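S.K.: According to this note's numbering, the sequence shown is numbered sequentially starting from 2. Heads up, the beta-carbon is just placed ideally off N, CA and C, and yes, glycines get one too. This structure is a prediction, so every number in the text was calculated from the model and none was measured. I'd like to ask some things about the structure below.
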Amino acid sequence: MMVQCVICDILEELDNTAPEAKRLRNRPIHTYMCAACHERVTARTNERIATGKFRFYRSSRRIEGDFYS
Numbered sequence: 002m003m004v005q006c007v008i009c010d011i012l013e014e015l016d017n018t019a020p021e022a023k024r025l026r027n028r029p030i031h032t033y034m035c036a037a038c039h040e041r042v043t044a045r046t047n048e049r050i051a052t053g054k055f056r057f058y059r060s061s062r063r064i065e066g067d068f069y070s
């Protein structure tokens, strides 16, 4: 299955039997992000969390506690 990253528009091949490929086929609203972009977004998010000004508005306190631990 050919997929395209939503951030950098790079095309990649996913195995048709992979769970991520099945998720993308069955739920078209889900998007694909390549590994490089995923790592970059994760690093930037962790930097913002470290500043203390980053807040999750759509989650419960229990989930935030689990995330920060």
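If you follow the alpha helix (DSSP H) that Val42 is part of, which residue opens it and which one closes it?
M.R.: The continuous alpha helix (DSSP H) containing Val42 extends over residues Ala36 to Thr52.
S.K.: From the DSSP output, in three-state form, read off Leu15 for me.
M.R.: coil
S.K.: When you compare only the Cα positions, how much space is there between Asn27 and Val4?
M.R.: Spanning the alpha carbons of Asn27 and Val4 requires a straight line of approximately 14 Å.
S.K.: Is the beta carbon of Asn17 less than 9 Å from the beta carbon of Met2?
M.R.: yes
S.K.: Do Thr46 and Val7 have their beta-carbon atoms positioned less than 9 Å apart in this structure?
M.R.: Result no, Cβ atoms of Val7 and Thr46 do not sit closer than 9 Å.
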